[in-house]
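Those letters in the sequence shown? Residues 19 to 405, by full-length UniProt numbering.
The block underneath contains the structure these notes are about, expressed in structure tokens.
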Amino acid sequence: PAWLGVMGGGQLGRMFAQAAQSMGYQVAVLEPVLEPGATCPAGQVAQRLVNAGYDDGAGLDALAAQCLAVTTEFENVPAGSLSRLAQSVFVAPNADGVSVAQDRIAEKRFFVGCAGKSGVLPAPHKVIASEADIAAIDDELLPGILKTVRMGYDGKGQVRVRTRDDVRAAFAGMGQVTCLLEKMLPLAYEVSVLTARGVDGASVVYPIAENVHRDGILFTTTVPGPNVSADCAAKAQRAAQAMVAELAYVGVLCIEFFVLADGSLVVNEMAPRPHNSGHYTMDACVTSQFAQQVRAMARLPLGDTRQHSPAVMLNLLGDAWFADDSDAIREPAWDQVLALPGACLHLYGKDDPRRGRKMGHLTLVAATLPEAQQRLHEACLILGIAP
Ligand code: ATP
Ligand code: MG
Ligand code: MG
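Set out below in structure tokens:
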């Protein structure tokens with residue numbers, strides 16, 4: 019059987035590998051697993067774990083030699099590594115697409131450049147790389163959020179700022195790495211759109227997802243979104259497809275948007291891979307986002323994105339493994355959770371729960387959205403999560 023490769027061994031790599039295997043592929047995972055005997059979520063299920071750094075030439079060459087195509091589950095793989103792979107194997111998405119999403123400055127520039135086609139703009143923003151940049155901040159940008167240009171995720175590498183002095187302190191606190199100051203917008207709600215494009219240029223789009231964040235981490239995704247109007251959904255889907263075409267991207271891409279009180283749409287950021295807010299597709303759509311990634315990279319026809327059941331996805335953070343405020347770890351009551359009709363449990367094989375760490379997710383599907391929401395509420399009560 020043919021091999022597919024994935025850069026990164028986290029839960030996204032694991033679910034990608036499982037989808038690839040169900041379509042008959044063998045999967046090689048490249049992940050720097052530092053300690054001997056340690057595993058990673060994707061390494062546990064892959065046929066081969068290449069234990070090498072993301073920029074290790076020998077490791078990359080071994081992956082390329084074995085595989086028909088290589089993808090990435092980790093958006094911060096060095097773009098140079100994807101270029102190196104691409105000299106001898108098909109890589110999707112390629113280094114260009116991934117590098118735009120790795121750098122908030124390049125990403126914002128792309129969004130602004132694409133606005134004529136996509137119809138959406140990002141939040142007002144300014145690059146902060148020096149004291150002079152801070153002195154020159156326009157009052158209009160405050161209050162705002164200072165975000166590191168690289169490596170931020172789950173709200174890490176961001177500080178909310180009200181004044182120029184706050185920006186100074188936050189910039190110093192982040193070690194004066196280059197940052198982006200974004201105007202704090204009054205969000206009515208947040209949505210994301212998954213899209214996928216094949217090597218032939220054909221693209222597909224999934225239903226729009228409504229996302230609730232808690233402490234900077236995705237808490238729930240609800241599809242169809244209770245706040246989303248048909249007009250908003252159509253605009254966001256059109257924008258996502260314009261962007262994927264503009265990038266000449268191959269693979270699954272997720273675009274996050276803000277919706278403001280007046281209903282207008284603002285593009286936030288993109289992820290060059292399957293996304294946490296797309297996990298609902300595993301249980302609620304004809305083709306999951308991971309199966310779609312397999313199809314795109316293997317240069318097969320893209321699959322049907324139709325949603326067959328209303329769904330709510332709940333992230334399972336390590337907090338659910340701790341009883342109250344104690345440090346004692348105990349397994350959540352899966353027997354009770356799984357007794358809920360429509361409960362689809364996905365655990366990532368991580369054996370060291372920590373607060374705030376993504377351990378798995380739970381999707382509730384039902385014939386109607388209110389039923390799925392009611393079941394989610396019950397699951398939260400069982401798991402000790404404030405609904
Ligand atoms: P992810 O884990 O999705 O990659 P991230 O750490 O890259 O997250 P963002 O998506 O930029 O960070 O921001 C995290 C959350 O912070 C957003 O989903 C939104 O709730 C809030 N947020 C970010 N930027 C703004 C803004 N300009 N105005 C208001 N809220 C914002
Ligand atoms: Mg992000
Ligand atoms: Mg985000």
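Even glycine gets a Cβ: it sits at the ideal position worked out from N, Cα and C.
Note that the structure is a prediction, hence the values are computed from the model and not measured.
Could you check what DSSP says for residue i in three-state terms: helix, strand or coil?
i          : result
S221       : strand
M169       : coil
Q62        : coil
G31        : helix
H231       : strand
C398       : helix
I226       : coil
T213       : strand
G269       : strand
Q325       : strand
F92        : coil
N286       : strand
residue 13 : The requested residue 13 is not part of the displayed model; the chain covers only 19 to 405.
V262       : helix
E53        : coil
A346       : coil
A361       : strand
T305       : coil
I152       : helix
L160       : coil
Q176       : strand
L81        : helix
P140       : strand
M315       : helix
Classify residue i as buried or exposed, calling it buried when 16 or more other Cβ atoms lie within 10 Å of its own Cβ.
i    : result
K165 : buried
D301 : buried
K253 : buried
L236 : buried
H143 : buried
G115 : buried
K368 : buried
M288 : buried
V304 : exposed
L318 : exposed
S148 : exposed
P225 : buried
M25  : buried
K176 : A small fix is needed here, since residue 176 is Gln in this sequence, not Lys. Burial call: buried.
Q194 : exposed
V138 : buried
From residue i to residue j, what does the alpha carbon distance come to, in whole angstroms?
i    : j    : result
A260 : Y267 : 11 Å
E53  : A70  : 12 Å
M33  : H364 : 9 Å
V355 : P388 : 18 Å
M202 : G55  : 45 Å
E91  : Q29  : 9 Å
D322 : T181 : 48 Å
V262 : R215 : 7 Å
L283 : C398 : 30 Å
Q120 : M315 : 20 Å
P290 : C272 : 7 Å
E396 : I163 : 35 Å
E349 : A60  : 21 Å
Q391 : C362 : 14 Å
C197 : V145 : 6 Å
T213 : A150 : 40 Å
Q255 : S344 : 44 Å
P19  : Q44  : 7 Å
V222 : D184 : 43 Å
Taking the alpha-carbon of residue i as reference, which of the options has the nearest alpha-carbon?
i    : options                   : result
K135 : L100, A257, V47 and I146  : A257
S101 : Q84, D121, L86 and L78    : L78
A384 : A35, A251 and H326        : H326
M192 : R178, L205 and G234       : R178
V405 : T238, D353, P359 and V285 : Looking at the sequence provided, one finds Pro at residue 405 rather than Val. For the residues T238, D353, P359 and V285, the minimum Cα distance to P405 belongs to T238.
P161 : R313, A141, W352 and G173 : A141
M331 : D342, G360 and D343       : G360
S210 : A341, V312 and P292       : P292
G402 : Y298, W352 and C362       : W352
P328 : T299, I347 and M25        : T299
C51  : V223, D172, L320 and D74  : The sequence shown places Val at residue 51, rather than the Cys named in the question. Nearest option by C-alpha distance: D74.
A220 : S117, L320, G42 and A37   : L320
L380 : G296, V195, V270 and G243 : G296
Taking three-plus beta-carbon pairs below 8 Å as touching, is the stretch 57 to 66 in contact with the stretch 121 to 136?
no
Given 8 Å, three or more beta-carbon pairs between the stretch 179 to 189 and the stretch 227 to 245:
Put simply, the stretch 179 to 189 does not touch the stretch 227 to 245. Fewer than three CB pairs are less than 8 Å apart.
Spell out a yes or no on whether the stretch 149 to 157 and the stretch 356 to 375 are touching, meaning 3 or more CB-CB pairs, one atom from each, closer than 8 Å.
no
Evaluate contact between the stretch 334 to 354 and the stretch 373 to 384, counting only Cβ atoms and requiring at least three cross-stretch pairs below 8 Å.
yes
Hey, is the stretch 98 to 113 in contact with the stretch 73 to 87, meaning 3+ C-beta pairs nearer than 8 Å?
The stretch 73 to 87 and the stretch 98 to 113 touch, with three or more beta-carbon pairs separated by less than 8 Å.
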